[in-house]
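> Chains as they are written, first to last, in my numbering: chain A, 446 to 608; chain B, 1013 to 1239.
Backbone N, C-alpha and C define an ideal beta-carbon position, used for all residues, glycine too.
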Amino acid sequence: MNSEQAFDASELADLLGDKQDGEDKSLMSILEDVQARYRYLPKDALILISEWMGVPLSQTYSVATFYNAFSLKPKGRHIINVCLGTACNVRGSRKVVERIADRLGIEPGETTQDGEFTLETLNCVGACALGPVAIIDGTHFGRVNAAGADKLLKKLGVEGRKE
Amino acid sequence: MTTLTIDGRQVEALRGSTVLEAARENHIEIPTLCYHEALEPYAGCRLCVVELVTPKGSQLVASCVYAAEDGLVVKTNSGIVQESRRMTVELLLAAAPKAKVIQDLAAEMGIEEPRVSLGDSDCILCGLCVRACKEIVGANAISLVNRGFAKEVKPPFEIGSNACTGCTTCVLVCPTGAIKLEDVLDSRSVHRWESDFEARECKICGDHYLAPEFAPDLKELLGEEEV
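#1: Figure out for me which residue from B:GLU1052, B:ALA1055, B:TYR1054, B:GLY1083 has the closest Cα to the Cα of PRO1067 of chain B.
#2: Quick one: does ALA1227 of chain B have its CB under 8 Å from some CB of chain A?
#3: Give me the subset of the stretch 1045-1077 of chain B whose CB atoms are less than 8 Å from a CB atom of chain A, sorted by chain position.
#4: If you measure between the beta carbons of GLU620 of chain A and HIS523 of chain A, is that distance less than 8 Å?
#5: With LEU1051 of chain B and VAL1086 of chain B assumed to form a contact (beta carbons below 8 Å), what rounded beta-carbon distance in angstroms separates them?
#6: Does TYR506 of chain A come out as helix, strand or coil in the three-state DSSP assignment?
#7: With DSSP as the reference, please indicate the residues paired to SER1207 of chain B in a beta bridge.
#8: Between which two residues does the beta strand (DSSP E) harbouring LYS596 of chain A extend?
#9: From the DSSP secondary-structure annotation, give me the bridge partner or partners of LYS1087 of chain B.
#10: If we define contact as Cβ-Cβ less than 8 Å, is PHE1169 of chain B a contact residue for chain A?
#11: Listing by chain order, which chain C residues have their CB less than 8 Å from the CB of GLN504 of chain A?
#12: Relative to chain B, which residues along the stretch 489-516 of chain A have a C-beta separation below 7 Å, given in chain order?
#13: Check for me: the alpha helix (DSSP H) holding SER474 of chain A runs from which residue to which?
#14: So with CB distances below 9 Å, who are the chain A contacts of GLU1175 of chain B?
#15: With a cut-off of 8 Å on the beta carbons, I'd call ILE1136 of chain B and THR1188 of chain B a contact; round off their distance for me.
#16: Would you please state the rounded distance, in angstroms, between the beta carbons of GLU1095 of chain B and ARG1127 of chain B? I believe it to be under 8 Å.
#17: Could you check whether the Cβ of ASN1089 of chain B sits closer than 8 Å to any Cβ belonging to chain A?
#18: Between B:PRO1168, B:VAL1196, B:SER1201, which lies nearest to VAL1157 of chain B when the distance is taken from Cα to Cα?
#19: For LEU598 of chain A versus ARG536 of chain A, is the C-beta distance shorter than 8 Å?
#20: At a Cβ threshold of 8 Å, is ARG1159 of chain B touching chain A?
#21: Can you tell me the Cα-Cα spacing of LEU589 of chain A and ARG1097 of chain B, whole angstroms?
#22: Check the DSSP bridge columns for PHE562 of chain A and list the partner residues they point to.
#23: Decide if THR1044 of chain B is buried, meaning its Cβ has at least 16 other Cβ atoms within 10 Å, or exposed.
#24: Could you pull out every residue in the same chain whose Cβ sits closer than 6 Å to the Cβ of VAL570 of chain A, ignoring the five residues on either side in sequence?
#25: In terms of residue numbering, what span does the beta strand (DSSP E) encompassing ARG1021 of chain B cover?
Written out as structure tokens, the structure reads:
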């Protein structure tokens, strides 16, 4: 469970800056910064941010749960996204998801126990001609099949089945 | 004053009012679910759609947010309006089959079974409770969380907090009765938000009254940590 970076309130204060600036900053950009720093939005951080910005906690929570970019649970160090849009789907991207899920021992939407990998699916990245598309840590890979997924995982240090 | 035509009748409305307000002011009925006089319009339920007749053709608009302007020609119960409302009610019934108000609306329109099933909630996500809590009470104890099919009304982190004061405005304003209030002698529970309150006994009359603590102490929630 060393994946979960301990949340430190004083560090958040550094990230947020002067309290007086609260009204000039946008909630979204602050949440993005915190998400990038901790790979999730710690509960205490949401409470502090609300207080700091003078935004009701209910509204902060509403925003934090609405956007896919935010997560209330820690995400892995590597984020693997597989496109399940129509074009990728007919070209077999489901097999790619199954293979990666099998290798990592997790279901789509889950994170490995060691906090290394998160597997997610999405519905079209606009690169249909390259399908099936996988995106690993922001880099797009085209024409990925199950064997290709194995190769990509190998580059990330995943050999064979991982329990 | 603004003069417009609703259902072939010339009516007058105060400047700045919406088509819905103009209609109601003149005793013309338009059904609504997410509208409340005391709250900002939300245009969420789409039941208040009316047909706007323009030289370029007709269009459907949500009357609760459409400004009443001079010379507007509006039909509140034309064919396309009825068709749209019927579809809306069928979808609401598909999502919230347990809500009495939706069942009644559906029965009125002759809808027996929705063609699809989208859940078994009694909440139609009209946002009235959220807006009442924010605009009238100022407590901001609840909000719409998640998105799409997972969307629902919850307090932050889905746990009861003392941001909720137990005022029960949300219970009163809910059109479907989805928010249940339980008052037992010395306790009050608003089940949907997991809010529980202990009532105090009046030392003179012996009756019970609610004296909730206002505003959560965030530092307390975080322990001793200084911010």
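Answer, in terms of the structure:
#1: B:GLY1083
#2: The pLDDT assigned to ALA1227 of chain B is 46, lower than 50, so where the model puts this residue is not dependable; a value taken from the coordinates is nonetheless given after this. It does not; no Cβ of chain A falls within 8 Å.
#3: none
#4: Residue 620 of chain A falls outside the range modelled here, since chain A spans only 446 to 608, and no answer is possible.
#5: Actually they do not touch by this definition, with Cβ atoms about 23 Å apart.
#6: helix
#7: B:VAL1202
#8: Premise fails: LYS596 of chain A lies in the alpha helix (DSSP H), 591-600, not in any beta strand (DSSP E).
#9: B:GLU1063
#10: yes
#11: You won't find chain C in this structure, because its protein chains are A and B.
#12: ASP489, ILE492, LEU493, GLU496, PRO501, LEU502, SER503, GLN504, TYR506, SER507, THR510, PHE511
#13: 472-483
#14: Before going on, a small fix: residue 1175 of chain B reads as Ala here, not Glu. Neighbours of ALA1175 of chain B on chain A, chain order: PRO501, LEU502, SER503.
#15: 6 Å
#16: Wrong, their Cβ atoms sit about 15 Å apart, outside the cutoff.
#17: no
#18: B:PRO1168
#19: no
#20: yes
#21: Position check: residue 589 of chain A holds Val in this sequence, whereas Leu was assumed. Going by the C-alpha atoms only, they are around 46 Å apart.
#22: A:HIS523
#23: buried
#24: CYS528, VAL578
#25: 1021-1025
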